[in-house]
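*Asks:* Quick note: the sequence shown uses this note's numbering, first residue 1, plus one each step. Every residue gets a Cβ at the ideal spot worked out from N, C-alpha and C, and that includes glycine.
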Amino acid sequence: MVLGRFVPPHAGHVYLCEFARRWVDDLTIVVSVQDADPISGTQRLAWMRELFPFDRVVPLAIENSQHPSEYRPSWDVWKARLEQVLPRRLDFVFASEPYGADFAQILGARFVSVDQARAVVPVSATCIRADPFAHWQHIPRCVRPAFVKRVSILGAESTGKSALARALAEKLGTKWVPDWGRTLGAFNGDSPAGLDWTEIVRGQIASEEALARDADRVLICDTDPLATAVWAELLLGSRPQVLRESACRPYDLTLLVAPDAPADVAGARYPLSERGDFFARCERALREVGRSFVVVSGGWEEQIAMVLNAVEKLVPSPRPTGLP
Numbered sequence: 001m002v003l004g005r006f007v008p009p010h011a012g013h014v015y016l017c018e019f020a021r022r023w024v025d026d027l028t029i030v031v032s033v034q035d036a037d038p039i040s041g042t043q044r045l046a047w048m049r050e051l052f053p054f055d056r057v058v059p060l061a062i063e064n065s066q067h068p069s070e071y072r073p074s075w076d077v078w079k080a081r082l083e084q085v086l087p088r089r090l091d092f093v094f095a096s097e098p099y100g101a102d103f104a105q106i107l108g109a110r111f112v113s114v115d116q117a118r119a120v121v122p123v124s125a126t127c128i129r130a131d132p133f134a135h136w137q138h139i140p141r142c143v144r145p146a147f148v149k150r151v152s153i154l155g156a157e158s159t160g161k162s163a164l165a166r167a168l169a170e171k172l173g174t175k176w177v178p179d180w181g182r183t184l185g186a187f188n189g190d191s192p193a194g195l196d197w198t199e200i201v202r203g204q205i206a207s208e209e210a211l212a213r214d215a216d217r218v219l220i221c222d223t224d225p226l227a228t229a230v231w232a233e234l235l236l237g238s239r240p241q242v243l244r245e246s247a248c249r250p251y252d253l254t255l256l257v258a259p260d261a262p263a264d265v266a267g268a269r270y271p272l273s274e275r276g277d278f279f280a281r282c283e284r285a286l287r288e289v290g291r292s293f294v295v296v297s298g299g300w301e302e303q304i305a306m307v308l309n310a311v312e313k314l315v316p317s318p319r320p321t322g323l324p
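1) Quick one: using the 10 Å Cβ neighbour count with 16 as the cut-off for buried, is Cys17 buried or exposed?
2) Straight-line CA distance for Ala61 to Phe54?
3) Could you have a look at Lys175 and say whether DSSP puts it in helix, strand or coil?
4) Mind checking who Phe94 pairs with in its DSSP beta bridge?
5) What residue does the beta strand (DSSP E) around Ala61 start on, and which one ends it?
6) Would Ile153 and Val7 qualify as a contact pair, given that the criterion is a beta-carbon distance under 8 angstroms?
7) Determine the burial state of Ser69: buried for a count of at least 16 other Cβ atoms within 10 Å of its Cβ, exposed for fewer.
8) Verify whether the separation of the beta carbon atoms of Asp51 and Pro9 is less than 8 angstroms.
9) Identify the continuous alpha helix (DSSP H) that holds Ile29 and give its terminal residues.
10) With 16 as the cutoff for other CB atoms within 10 Å, does Val389 come out buried or exposed?
11) Return the residue from the list Leu253, Glu208, Leu235, Val289 that minimises the CA-CA distance to Val307.
12) Does the CB of Phe19 have a neighbour CB from chain C at under 8 angstroms?
13) Quick one: what's Arg150 bridged to in DSSP?
14) Got a sec? Which residues, its chain only, sit under 7 angstroms from Val14 by beta carbon, not counting five neighbours each side?
15) Can you tell which of Ile39, Asp222, Glu245 has its C-alpha closest to the C-alpha of Val143?
16) Return the Cβ separation of Lys149 and Arg56 in integer angstroms, given the expectation that the two are a contact with Cβ distance under 8 angstroms.
17) Hey, Pro145 and Arg249: beta-carbon distance below 8 angstroms or not?
18) CA-CA distance, Gly100 and Leu45?
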């Protein structure tokens with residue numbers, strides 16, 4: 001058995017569980033869950049089951065019983081609850097914390113200590129929660145979307161926002177999310193009334209979530225569901241109800257490209273004369289949902305400098321550190 005809170009799972013947890021599953025034939029990973037935990041039990045279970053799909057991963061509700069890493073619990077309570085989720089026979093308890101020996105004793109199992117000194121993987125969940133970017137290399141790929149900072153770039157046709165998104169991602173060494181509606185060809189020749197706006201938003205969000213796993217601390221998004229809602233409003237005369245909720249999707253930084261940016265007419269879907277109207281609609285929509293934003297204007301070099309400065313405030317240069 002491996003028992004932990006996994007708030008969040010990190011490379012040390014992965015090492016512990018990989019060690020254990022190579023020691024035994026049948027491993028149970030117990031995720032202790034409390035309502036007050038900073039990350040939901042549902043999310044942590046999903047992460048651990050993705051990381052260890054061939055092992056038994058089970059939740060253990062521990063309301064009214066403190067976790068051993070914080071206070072000494074009533075061992076009778078812990079034993080009774082663990083026996084409800086564990087196999088009938090438990091041979092080993094693996095842990096990187098001293099309390100593992102206590103669990104092994106009350107469960108009649110052998111304790112195997114794994115990297116208590118954090119010499120193999122010098123990180124802790126506390127360190128990650130305090131400064132995830134300083135320990136980014138220790139955060140598993142499936143967990144990273146919960147910590148990555150998301151930057152959305154909005155703008156009218158031919159303002160160069162896509163080129164800006166791509167260039168920003170390249171300079172930061174991270175991923176960028178293209179405008180899925182454009183890659184789908186959704187706006188090319190189709191009647192606005194016949195477009196499946198829900199599918200466009202679903203595709204944008206799916207692409208964003210997929211790429212967030214491989215982003216390096218920050219993910220650059222060329223448009224977002226709010227911009228799709230504004231497009232629908234502009235083309236249809238009103239915003240479809242199905243887009244209202246998705247338009248509230250949060251982002252850590254929003255960059256709104258001004259309509260006076262140098263025009264890029266290649267691939268333009270709508271007249272340049274509508275750029276000012278789209279910009280004003282975006283401003284209004286952002287204020288309606290309470291999202292702050294930075295207006296990006298000027299020539300190309302000015303834009304690059306402006307967006308890099310804004311992102312640097314959001315995601316400072318990484319400062320790798322060990323355990324305190």
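*Replies:* Considering the structure as presented:
1) Classification of Cys17: buried, given that the 10 Å Cβ count is 16 or more.
2) Ala61 and Phe54: Cα-Cα distance of roughly 22 angstroms.
3) Coil.
4) Answer is Val2, Val112, bridged to Phe94.
5) Boundaries of the beta strand (DSSP E) harbouring Ala61: 56-61, taken from the DSSP string.
6) No, the pair does not count as a contact, with Cβ atoms beyond the cut-off.
7) Note on Ser69: pLDDT 49, under 50, position unreliable in the model; no value is reported.
8) Reading off the sequence shown, one finds Leu at residue 51, where the question assumed Asp. Yes.
9) Unbroken run through Ile29 is the beta strand (DSSP E), 28-33; no alpha helix (DSSP H).
10) The chain is shown from 1 up to 324; residue 389 falls before or after that span and cannot be answered.
11) Comparing Cα positions, the closest option is Leu253.
12) The structure shown contains no chain C; it holds only a single protein chain.
13) Note: Arg150 sits in a beta bridge opposite Leu219.
14) Take Val14, set aside five residues on each side of it, and the residues of its chain with a beta-carbon closer than 7 angstroms to its own are Leu51, Pro140, in chain order.
15) Relative to Val143, the option among Ile39, Asp222, Glu245 whose CA is nearest is Ile39.
16) Contact flag wrong, Cβ pair sits at about 35 angstroms.
17) Against a cut-off of 8 angstroms, the Cβ pair of Arg249 and Pro145 comes out as no contact.
18) So the alpha carbons of these two residues sit roughly 20 angstroms apart.
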